[in-house]
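Engineer: Attaching a single structure in C-alpha cells format; questions to follow.
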Amino acid sequence: MTLPFALARRFVAGQTLEAALPALDPLLDDGLFITLDLLGEHVHDRGRATGFARAYSDLIERLASHRDDRGAAPEAVGISIKLSMIGQVIDRDLCEENLRAVLTQARDADLFVRLDMEGTDVTQSTLDLFEAVYPDFPDHVGTVLQAYLHRTAGDTARMCDLDARVRLCKGAYKEPSSIAYQDMPTVRWHYRQHAKKLLTDGRYPGIATHDDQLIDAVRQFVDDRGIDRDGFEFQMLYGLRPDTQRQLVEDGYRMRVYVPYGTEWLPYFSRRIRERKENALFVVKALVRG
Ligand code: FDA
C-alpha cells in the first residue's frame, strides 16, 4: 500500500525544501532553533551517495542564506545528516570524502552539522568517521549518542575528552538485549547519567527527548549545579509537543526542533508511529476522516 504524504504531514515538514522552508519561519519567530533533516537511509550506490552529499551542500547554502535574510543567529539554524546516505555502507573513504565536502561548505557558511546516529551496524563507523573529521571542523560538526546502548558511558567520556558536541537521545532502532537496554526505567536511568556527564564535562550538549521525567531531571540538575541555561539545549522533533517546546523557551531554555523533509519519509514516519500510540492514533483518525 502506498501511504499518502498527508498522513505524515504532522511529523514531516514537506517533500521538497521549498515546501519545508515556510514551516521554519514560525519556529524561528517563536525563538526556537531548528535543525533541518533531508530524509533518507542507507544508500548502496556510489553515484547516489555523492548526489546526496551534493544535496546536503546545496541545502547548507540555501539554509544559510534563508537564515541570513531573516537575520537569525548562526547557531539558530543547522542541519542533521545521515552518513549512510553519503557512502558509509559502500566505502569508508568515499564517505569521508563526501563528508569533508559537506563540512567545508558548512564551515564556509558557519552552519552546524549533526551526524545522526543510526542502527548498531554503523555505530562504530559513525564515531570513527566523526573522529577523523572533527579536528578539522571542531565548531561545525557534532554527533549523537544513544542512551539505550551498553557502550554509551565509554563513548560519552570519549566525546567529553574530545570536547565534542553531542546530542543525547534514547535510541530509536530495534537492537538486541546483548547490546541495548530494553526496558524504559533502565534506559531512563542511563540517560540521566550520560546527561549529567555531558552537562558537567561536555561541550554544549543537546538533550533530545520528549520525556518529562528526563526534562525535569535535567532542569533540576542544572539548577542545582548552577549550569548556565545557554550552555546546553533541549531538542524535540517537529510536530511533537509543540506547546512544551515553546514553554521551555519561555522558561529561558534553548530548544531546537528537528525538522525532517523529503520524499523518503516512510521509515522516519514509521519509527514515530511505533514509538507512541498517540502518534498512531493520530494517523488512524486522519485515515477515518479520509
Ligand atoms: P518516549 O517516546 O520514550 O516517551 C517517554 C515519555 O515521554 C512518554 O511516556 C510521555 O510521558 C512523554 N512523551 C513522549 N512523547 C510525547 C508526546 N508526543 N506528547 C506528550 N508526551 C510525550 N534516535 C536515534 O536513534 N538517532 C538519532 O540520531 C536521533 N535523533 C533525535 C533527535 C531529536 C531532536 C529527538 C527528539 C530524538 C531523536 N531520536 C534519535 C529519537 C530518540 O532516540 C527516541 O526514539 C525518541 O525521542 C523517543 O524517545 P523520548 O525520550 O522522546 O520519549
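Numbering of the sequence shown is given in the working numbering, commencing with residue 1188 and proceeding in unit increments. Yeah, the Cβ is synthetic: ideal placement off N, Cα and C, and Gly gets one too. This one's a predicted model, so the numbers in the text were calculated from it and none came from an experiment.
(1) Hey, is the stretch 1269 to 1279 in contact with the stretch 1321 to 1329, meaning 3+ C-beta pairs nearer than 8 angstroms?
(2) Can you name the start and end residues of the beta strand (DSSP E) that Ile-1268 belongs to?
(3) Alpha carbon to alpha carbon, how far is Val-1199 from Ser-1457? Give it in angstroms, no decimals.
(4) With three or more C-beta pairs closer than 8 angstroms as the rule, is the stretch 1306 to 1322 touching the stretch 1273 to 1292?
(5) Can you name the start and end residues of the beta strand (DSSP E) that Phe-1192 belongs to?
(6) In the DSSP assignment, find the beta strand (DSSP E) that holds Thr-1222 and state where it starts and stops.
(7) When every heavy atom of the ligand FDA is checked, does at least one fall within less than 8 angstroms of the C-beta of Glu-1228?
(8) For a quick check, are the C-beta atoms of Val-1446 and Thr-1222 less than 9 angstroms apart?
(9) Per DSSP, Val-1300 is paired with what?
(10) Would Thr-1307 and Leu-1336 qualify as a contact pair, given that the criterion is a beta-carbon distance under 9 angstroms?
(11) Go ahead and pull the three-state DSSP assignment for Ala-1404.
(12) Quick check on the DSSP output: the beta strand (DSSP E) that includes Ala-1395 runs from which residue to which?
(13) How would you call Arg-1441, buried or exposed, if buried means at least 16 neighbouring beta carbons within 10 angstroms?
(14) Beta-carbon within less than 8 angstroms of His-1381's beta-carbon, same chain only, minus the 5 sequence neighbours each way: which residues are those?
(15) Using a Cβ-Cβ cutoff of less than 8 angstroms, which residues in the same chain neighbour Thr-1237 once the five nearest sequence positions on both sides are dropped?
(16) Which one of Glu-1305, Asp-1388 and Asp-1232 has the shortest CA to CA distance from Arg-1345?
(17) Here's the rule: buried if 16 or more other CB atoms are within 10 angstroms of the residue's CB, otherwise exposed. What is Met-1188?
(18) How close, in whole Å, do the beta carbons of Leu-1302 and Phe-1317 come, if the pair is a contact with beta carbons under 8 angstroms?
(19) Rounded to whole angstroms, what is the Cα-Cα separation between Pro-1261 and Ala-1351?
(20) Is Ser-1457 near the ligand FDA, with its Cβ less than 8 angstroms from a heavy atom?
(21) Identify whether Val-1436 lies in helix, strand or coil by the three-state DSSP scheme.
(22) Cβ of Tyr-1360 within 8 angstroms of any heavy atom in the ligand SAM?
(23) Might you give, ordered along the chain, the residues of its own chain that have their beta carbon closer than 6 angstroms to the beta carbon of Tyr-1368, omitting 5 neighbours on each side?
(24) What I want to know is whether the C-beta of Thr-1396 ends up closer than 8 angstroms to one or more non-hydrogen atoms of the ligand FDA.
(25) With a 10 Å radius around its C-beta and 16 neighbouring C-beta atoms as the bar for buried, classify Asp-1348 as buried or exposed.
(26) Let me confirm a value: Ser-1244 is counted as buried when at least 16 other C-beta atoms fall within 10 Å, else exposed. Which label applies?
(27) Counting only the same chain and skipping the five closest in sequence on each side, list residues whose C-beta sits under 7 angstroms from that of Arg-1433.
(28) State buried or exposed for Trp-1452, treating a residue as buried only when at least 16 other CB atoms are found within 10 Å of its CB.
Structural biologist: In terms of the structure at hand:
(1) no
(2) Working through the sequence shown from its first residue, we reach residue 1268 at position 81. Element bounds for Ile-1268: 1264 to 1268.
(3) As a first step, residue 1457 is located in the sequence shown; it is residue number 270 there, counting from the start. As a first step, residue 1199 is located in the sequence shown; it is residue number 12 there, counting from the start. Roughly 12 angstroms between the two C-alpha positions.
(4) yes
(5) Taking the sequence shown and counting its residues from 1, one reaches residue 1192 at position 5. Looking at the DSSP string, Phe-1192 is not in any beta strand (DSSP E), and its letter there is neither H nor E.
(6) The sequence position of residue 1222 within the sequence shown is 35, counting from 1. Residues 1220 to 1225.
(7) Within the sequence shown, numbered from 1, the residue matching residue 1228 stands at position 41. No, the ligand FDA has no heavy atom inside 8 angstroms of this Cβ.
(8) Here the question's residue 1446 lines up with position 259 in the sequence shown. Here the question's residue 1222 lines up with position 35 in the sequence shown. Result yes, Cβ atoms of Val-1446 and Thr-1222 sit closer than 9 angstroms.
(9) Your numbering for residue 1300 matches position 113 in the sequence shown. Note: Val-1300 sits in a beta bridge opposite Ile-1266 and Val-1328.
(10) Within the sequence shown, the letter at position 120 stands for residue 1307. Within the sequence shown, the letter at position 149 stands for residue 1336. Yes, these two residues count as a Cβ contact at 9 angstroms.
(11) Walking along the sequence shown from the start, residue 1404 turns up at place 217. If DSSP states are grouped into helix, strand and coil, Ala-1404 belongs with the helices.
(12) Looking up residue 1395 in the sequence shown gives position 208. Ala-1395 -> beta strand (DSSP E) spans 1390 to 1395.
(13) In the sequence shown, residue 1441 corresponds to position 254, counting from 1. Flag for Arg-1441 reads buried.
(14) If you number the sequence shown from 1, residue 1381 lands on position 194. If we look at His-1381 and ignore the five residues flanking it on each side, its Cβ neighbours are Leu-1332, Ala-1334, Thr-1339, Ala-1340, Thr-1343 and Leu-1355.
(15) Indexing the sequence shown from 1 puts residue 1237 at position 50. Cβ neighbours of Thr-1237 beyond the five flanking positions: Ile-1273, Gly-1274, Leu-1281 and Asn-1285.
(16) Locating residue 1345 in the sequence shown gives position 158, counting from the first residue. The shortest C-alpha separation from Arg-1345 is found at Asp-1388.
(17) Here residue 1188 corresponds to residue number 1 of the sequence shown, with the count starting at 1. In this predicted model, Met-1188 has a pLDDT of only 47, less than 50, meaning its place in the structure is not dependable; the value taken from the coordinates is given anyway. Counting Cβ neighbours within 10 Å, Met-1188 comes out exposed, since fewer than 16 surround it.
(18) Here residue 1302 is taken as the residue at index 115 of the sequence shown, counted from 1. Here residue 1317 is taken as the residue at index 130 of the sequence shown, counted from 1. With a Cβ gap of about 6 angstroms, Leu-1302 and Phe-1317 count as contacting.
(19) Counted from its first residue, the sequence shown places residue 1261 at position 74. Counted from its first residue, the sequence shown places residue 1351 at position 164. Cα to Cα, the separation comes out at about 18 angstroms.
(20) As a position in the sequence shown, residue 1457 is number 270, starting the count at 1. No - the ligand FDA has no heavy atom lying nearer than 8 angstroms to the Cβ of Ser-1457.
(21) By 1-based counting over the sequence shown, the position of residue 1436 is 249. Here Val-1436 sits in helix by DSSP.
(22) In the structure shown, the ligand SAM is absent; the only ligands present are the ligand FDA.
(23) Within the sequence shown, the letter at position 181 stands for residue 1368. Taken in chain order, the residues that qualify are Tyr-1335 and Val-1374.
(24) Along the sequence shown, one-based indexing puts residue 1396 at 209. Checking the Cβ of Thr-1396 against the ligand FDA gives yes.
(25) Residue 1348 sits at position 161 when you count from the first residue of the sequence shown. That one is exposed.
(26) Taking the first residue of the sequence shown as 1, we reach residue 1244 at position 57. The residue in question, Ser-1244, is buried, as its Cβ has 16 or more Cβ neighbours within 10 Å.
(27) Looking up residue 1433 in the sequence shown gives position 246. Result list for Arg-1433: Asp-1217, in chain order.
(28) Walking along the sequence shown from the start, residue 1452 turns up at place 265. So Trp-1452 ends up on the buried side.
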